[in-house]
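J.:
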């Protein structure tokens, strides 16, 4: 049905539009953000949003309305929306008059009424089937009936995207899609799918859909649109940048800021499936220290509970006889502990009994109802009593998409079949309007619970699912239970980039993949290396995965089938061992840079793990690059994603070039390993032997580096190396705080702005802004300039210091600059 505008009325911060079929509303949250709603009802929904925070409805945005003969124009100083009076088709424009995007001429908003049913379970019948699979304990209620609940809408939001624009976002999915143009994606929560319903365009805008139901994205023969399954109304935000960082700032304005994670979380986290005892955990941590291999965290995976009491949030006293002493010993080694906790609980344990007595279990009588305030509070009380009170540092909220149902059988179901299987199962227990929101609410309970008992330990929560707004609860999302092969490694790069471009900053994956071997009777257990770590082919793959992981926001190894500790890949002097140690130590040397990026995430809405279009949006050559990324403002990283030495079963490869092609965007670049200066705007052949991750630094970068340390808390007053890469002006802000409290929220942190003046060859270390308890009042910086000989030590006491590059010599030559 084609809509026609019948009347309009100005409102606070926006306008109401009456049409021949329903009402629409445009409200400006800021001069660059518009909220747009459409309903066939007489008024708009008053349901609160899980996704957004209150500040999204800011007041006093200046706008104007111009009533033209053919269209209605609503404008702020940055963004204009034009509404065609004949069809109600929207188009979106920069203030300069440049078209951003538009709906089809006939109009792009469709609502279709749909009946919503809810499931009634016969609890008294006790018909609950349980089983155990590779993905954990499952419970399914058999006796149920569906009853009519209400009427809602399918919504369809169509666009006519421009020929030259690329689209990114929608979260982390297993297919490795980079540019989403020409693609189709189902959006529902599932192992290896983490949904964030945001699209970001190289035309300079973003779209955030406030919906929690099943969705689908299309840009194919069926059209170009976003469809939602069950909603009270159409509700979305249009965000103008034009730069990606500005769009991310807009998304976080709507959905909340990302808090600081503790400094240790940016170090190396060792995990496997699984450490089975208190003694083993401590022994592994101790061996890292004895070998002088840096580590900050270790993970206790599932089945830490007693016997078959799945989901019980206490440790088995036979294998973990003294949790408090275990934590004391780990902390004495400067190692933190992350423990796996589940939303599903098996009958027989105290946690299950308490949830059941309060009526806090969903229909399968096993999964707690994270949508209920009291259930979330009780869940945290159980976590606190059983684990946090003993000193546990972090949470691994596994299986936060608790109702997937397709992890079985030899053959992987087709995408549409998988969608139907999994969403049908979720809809049995959850309101169909909210099946994508479970992880968001579960994370909220953990965050608010821990914040309620202390401000001296920051929340760290590793989750397998995500949603828009979840980042404000101290979460990290990992990509699920992936398999060990080169194709998966390559796909992970794009999967993570499309997650982080949605405004959710913390993504990681299982370094080396979860499944290493192949089990022919299970479609998802399809690794290529049945000999595990003994296979030289797997060792090569693992090194490349580790190199990639060293430049992710969170650096974590995990998986089943084979051990993952560094020494399992050889001994000192061995090729694979030395390569792993090299990148492990490099991660720690870069910690001043990485933690400063974390500060920028929290204080300036920054994104660490960056698709190339963040900084080179207008270069069409970067739009489809899916195997390179930017790590902060300085680094361009090009992981190696093909075998060069060995295939599976240690089969030696011959005549394979140890090179890979890398596209360097325009501007000057440096090879990180050699300081060779390179001109951008072209593709180069980069050295890529096993020891070498192709790694480049942008001209104008200032990179602070620390000494070799064993953990992130070591040598806080150590001299830092400031390495400057000349060729253009640049700056960097060194951020520091206490490392693991929330005092930074009240201003307990410091920032030192550093700038490079390329014309005058001058580095300025600026005034320190702010302070925090324990801050080194005086420190030393060693300044080095890429391609120049020598280093200069600078004593810094919080006031500006200027270093002239004329004091350095060109390497191998006597004359000064």
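In UniProt numbering, the protein residues as written are 1 to 817.
Cβ atoms here follow ideal geometry from the backbone N, Cα and C, with glycine treated the same way.
So, for residue 231: in the same chain, excluding its five sequence neighbours on each side, which residues have a beta-carbon less than 7 Å away from its beta-carbon?
T.: Excluding positions up to five away in sequence, the list reads 152, 153, 155, 211, 213 and 433.
J.: Can you tell me the Cα-Cα spacing of residue 373 and residue 357, whole angstroms?
T.: Answer to the nearest angstrom: the Cα atoms are 16 Å apart.
J.: Is there a Cβ of chain D sitting closer than 8 Å to that of residue 573, yes or no?
T.: No chain D is part of this structure, which consists of one protein chain only.
J.: Of the residues 408, 576 and 583, which one's Cα is nearest the Cα of residue 550?
T.: Comparing Cα positions, the closest option is 583.
J.: Compare the beta carbon distance of residue 395 and residue 446 with 8 Å and say whether it is the shorter of the two.
T.: Result yes, Cβ atoms of residue 395 and residue 446 sit closer than 8 Å.
J.: Give the secondary structure of residue 661 by DSSP, where H, G and I count as helix, E and B as strand, and everything else as coil.
T.: Residue 661: strand per DSSP, three-state reduction.
J.: In terms of residue numbering, what span does the alpha helix (DSSP H) encompassing residue 94 cover?
T.: Where residue 94 is concerned, there is no enclosing alpha helix (DSSP H), although the beta strand (DSSP E) it sits in stretches over 90-94.
J.: So residue 275 and residue 269 are supposed to be a Cβ contact under 8 Å. How far apart are they, rounded?
T.: Not quite, the Cβ-Cβ distance comes to about 13 Å (not below 8 Å), so this is no contact.
J.: If you draw a straight line from the C-alpha of residue 187 to the C-alpha of residue 474, how long is it?
T.: Computed Cα separation, rounded: 23 Å.
J.: I need the straight-line Cα distance from residue 707 to residue 589, nearest angstrom please.
T.: For residue 707 and residue 589, the distance between alpha carbons rounds to 6 Å.
J.: Of all the beta strand (DSSP E) runs that stay within the bounds of the segment 506-535, which reach a length of 3 or more residues?
T.: List check, beta strand (DSSP E) in window: nothing returned.
J.: For residue 429, does the three-state DSSP call read helix, strand or coil?
T.: Three-state result, residue 429: helix.
J.: Answer yes or no: do residue 481 and residue 514 have a C-beta to C-beta separation smaller than 8 Å?
T.: Yes, the pair counts as a contact, with Cβ atoms nearer than the cut-off.
J.: When you compare each of 98, 635 and 428 to residue 122 by their alpha carbons, which one comes out closest?
T.: Checking every option, the nearest Cα to that of residue 122 belongs to 428.
J.: Quick check: the Cα distance between residue 320 and residue 649, rounded to an integer number of angstroms?
T.: Near 37 Å, if we compare the C-alpha coordinates of residue 649 and residue 320.
J.: Could you tell me the boundaries of the alpha helix (DSSP H) in which residue 208 lies?
T.: Unbroken run through residue 208 is the beta strand (DSSP E), 205-209; no alpha helix (DSSP H).
J.: I'd like to know if the segment 449-463 and the segment 377-385 are in contact, where contact means that at least 3 CB-CB pairs between them fall below 8 Å.
T.: The segment 449-463, when compared against the segment 377-385, does touch it at the 8 Å Cβ threshold.
J.: Between residue 495 and residue 623, what straight-line distance do the alpha-carbon atoms span, to the nearest angstrom?
T.: Approximately 15 Å between the Cα atoms of the pair.
J.: Below 8 Å, can you find three or more Cβ-Cβ pairs linking the segment 322-332 to the segment 358-366?
T.: The segment 322-332 vs the segment 358-366: no contact.
J.: Provide the residue(s) that pair with residue 822 in DSSP beta bridges, ordered along the chain.
T.: With the chain running from 1 to 817 in the structure shown, residue 822 is simply not present.
J.: So, for residue 811: in the same chain, excluding its five sequence neighbours on each side, which residues have a beta-carbon less than 7 Å away from its beta-carbon?
T.: For residue 811, the pLDDT reaches just 48, beneath the cut-off of 50, and the residue's location in the model is therefore unreliable, leaving the point undetermined.
J.: Please state whether the Cβ-Cβ distance between residue 393 and residue 338 is less than 8 Å.
T.: Result yes, Cβ atoms of residue 393 and residue 338 sit closer than 8 Å.
J.: Which value, in whole angstroms, describes the spacing of the CA atoms of residue 141 and residue 469?
T.: Taking the straight line from one Cα to the other gives about 31 Å.
J.: Kindly indicate which three-state DSSP category residue 625 falls into: helix, strand or coil?
T.: It is coil, neither helix nor strand.
J.: So residue 704 is in the beta strand (DSSP E); what residue range does that whole segment cover?
T.: Counting along the chain, the beta strand (DSSP E) containing residue 704 begins and ends at 702-705.
J.: Under the three-state reduction of DSSP, which class applies to residue 817: helix, strand or coil?
T.: Note that residue 817 has pLDDT 30, beneath the 50 cutoff, so the model's placement of it is unreliable and the number below is only indicative. DSSP places residue 817 in coil when its eight states are reduced to three.
J.: Keeping to the same chain, check which residues put their C-beta closer than 6 Å to that of residue 688; ignore five residues upstream and five downstream.
T.: Cβ neighbours of residue 688 beyond the five flanking positions: 640, 658, 659, 660 and 694.
J.: If I measure Cβ to Cβ from residue 49 and keep anything under 6 Å in the same chain, skipping five residues before and after, which residues do I get?
T.: 210.
J.: Given this structure, state the Cα-to-Cα distance separating residue 815 from residue 806, to the nearest angstrom.
T.: Any reading at residue 815 needs caution, since the residue's pLDDT is 32, under 50, leaving its predicted position unreliable; the model's value is listed next. Whole-angstrom Cα-Cα distance: 10 Å.
J.: I think residue 439 touches residue 405, with their Cβ atoms under 8 Å apart; what is that distance to the nearest whole Å?
T.: Not a contact, Cβ separation roughly 17 Å.
J.: Report the rounded CA-to-CA distance for residue 129 versus residue 89, giving the unit in angstroms.
T.: Rounded to whole angstroms, residue 129 to residue 89 spans 50 Å at the Cα level.
J.: When the Cβ atoms of the segment 244-256 are set against those of the segment 29-37, are three or more pairs found closer than 8 Å?
T.: Yes: the two stretches touch, three or more of their Cβ pairs being nearer than 8 Å.
J.: With DSSP run on the structure shown, which of helix, strand or coil describes residue 673?
T.: In the structure shown, residue 673 sits in coil (DSSP, three-state: anything other than H, G, I, E or B).
J.: If contacts are defined as beta-carbon pairs under 8 Å, then residue 522 and residue 134 qualify, I think. What distance do you get, rounded to the angstrom?
T.: The Cβ separation is near 6 Å, so the contact holds.
J.: CB residue 171 to CB residue 207, shorter than 8 Å?
T.: Not a contact, by the Cβ cut-off of 8 Å.
J.: Could you check whether residue 181 and residue 219 sit closer than 8 Å to each other, using their CB atoms as the reference points?
T.: Yes.
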